[in-house]
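Residue numbers (UniProt numbering): 1 to 439.
One structure below.
Below you can see the structure in the form of structure tokens.
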């Protein structure tokens, strides 16, 4: 049986924890990611304790030096975990005690793991949001640069996966760029709500020892301080918002990936992925598979699952902290890693994508200009409904003209009712003129 000696909560316990429960309860395998921010939070809290008269200046300096050593060991990969280190807080405090002795025990004065862990998580997520924001803007910049360079390429725009109207290739790129720009704005809003300090809230009822929370806020560079201690230690709105942000961003990236997968098929042949972002078949040597895009599409589902899972956890909890909230960190770490990888791969795909201008041009046809014909009739005084009735016959003639042209057959282009024969706009819709423009 595992001993609870040295655990932060072990004071009232006389028995030992079952080894299976010990493993089940432990979070060190993943919350070790918080080592750096846990040290930052502890260093700030030691300054708060010193200002409150709960530590001497010498004790604070001793703790700060010890925490620097703990951080150095983590950074160098020499930190040794103990079987009793159930979480990152226990591990760091245990190692600090080994380094500086009993003075380390004063660091936790008035502090609960409830306010400690949520402070650590906010610190980590604030930093991670900045990293993801930079990656997202790199993707957006890559897309904008590509749109600018290829603004003169025309290809079919689709609705219902049916050819609809001719559009610029850059218009398609920028349509996805707009969605990602909104994602960037949303991430900044989430980061603002993450940047609120809960440290000093204790477990539930605050900290009565005079620790200056404004000092803690300034040292840790938070934008604001939580108001209610019960809410501060248990609310995970900021986690849910982050996971929803990631879900929505992945929705946009998945849709873009789906378009590119279709455009890259032989049936479309509009684009071709770089070999750097493709794989092949173990059986069919001619295959070039868009695995990068397919994985972006599939990972969206995993992110959605993490978001839904957290919401299912939160919806049934009573007030204040419950151990269920330990589940938030795995979701945050996994989704953060996924978003980082997806954004970098998407940037690589877009920057190396090859565009087949000729195939895009060949996919254009005169019938796709039927809407322009309807618009012309509206500008000439007709109603939209009347224009819609007039344009389809012209569209059918375009189809006929397109069929006859390869056969060398002559075809007539009867003037739609209401259009003067001298109309330059009418002449521009004659099959020969249209085909020369868009085929």
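For each residue, glycine too, the CB sits at the ideal point set by N, CA and C.
Out of the options, which has the shortest C-alpha to C-alpha gap to residue i?
i: residue 66; options: 104, 284, 78 and 271; result: 104
i: residue 274; options: 346, 185 and 312; result: 346
i: residue 249; options: 176, 309 and 191; result: 176
i: residue 339; options: 228, 59, 113 and 254; result: 254
i: residue 230; options: 362, 45, 114 and 267; result: 114
i: residue 334; options: 19, 33 and 16; result: 33
i: residue 192; options: 129, 310, 50 and 63; result: 129
i: residue 268; options: 298, 60, 364 and 380; result: 364
i: residue 296; options: 124, 96, 277 and 22; result: 277
i: residue 332; options: 83, 51, 84 and 124; result: 124
i: residue 203; options: 239, 217 and 118; result: 118
i: residue 258; options: 20, 293, 316 and 237; result: 293
In the structure shown, what three-state DSSP assignment does residue i receive?
i: residue 159; result: strand
i: residue 153; result: coil
i: residue 54; result: coil
i: residue 198; result: coil
i: residue 341; result: helix
i: residue 168; result: strand
i: residue 18; result: coil
i: residue 355; result: strand
i: residue 286; result: coil
i: residue 225; result: strand
i: residue 279; result: strand
If residue i and residue j are in contact, beta carbons under 8 angstroms, what's the gap, nearest whole angstrom?
i: residue 26; j: residue 86; result: 5 angstroms
i: residue 93; j: residue 108; result: 7 angstroms
i: residue 188; j: residue 220; result: Not confirmed; about 19 angstroms, so no contact.
i: residue 181; j: residue 201; result: The pair is not a contact, with the Cβ atoms about 36 angstroms apart (cut-off 8 angstroms).
i: residue 344; j: residue 135; result: 6 angstroms
i: residue 356; j: residue 242; result: The pair is not a contact, with the Cβ atoms about 39 angstroms apart (cut-off 8 angstroms).
i: residue 211; j: residue 49; result: 7 angstroms
Is residue i buried or exposed, if buried means 16 or more other CB atoms sit within 10 Å of its CB?
i: residue 47; result: buried
i: residue 160; result: exposed
i: residue 90; result: buried
i: residue 283; result: exposed
i: residue 41; result: buried
i: residue 141; result: exposed
i: residue 61; result: exposed
i: residue 368; result: buried
i: residue 264; result: buried
i: residue 183; result: buried
i: residue 143; result: buried
i: residue 116; result: buried
i: residue 329; result: buried
i: residue 16; result: exposed
i: residue 82; result: exposed
i: residue 336; result: buried
Would you report the Cα separation of residue i and residue j, rounded to the nearest angstrom?
i: residue 360; j: residue 300; result: 29 angstroms
i: residue 75; j: residue 88; result: 14 angstroms
i: residue 18; j: residue 24; result: 10 angstroms
i: residue 138; j: residue 324; result: 36 angstroms
i: residue 149; j: residue 37; result: 43 angstroms
i: residue 322; j: residue 350; result: 44 angstroms
i: residue 58; j: residue 64; result: 10 angstroms
i: residue 54; j: residue 112; result: 16 angstroms
i: residue 372; j: residue 133; result: 40 angstroms
i: residue 247; j: residue 153; result: 32 angstroms
i: residue 131; j: residue 304; result: 21 angstroms
i: residue 310; j: residue 225; result: 24 angstroms
i: residue 213; j: residue 43; result: 14 angstroms
i: residue 262; j: residue 289; result: 12 angstroms
Taking 7 angstroms as the cut-off, is the C-beta of residue i nearer than that to any heavy atom in the ligand ADP?
i: residue 196; result: The model depicted lacks the ligand ADP and carries no ligand whatsoever.
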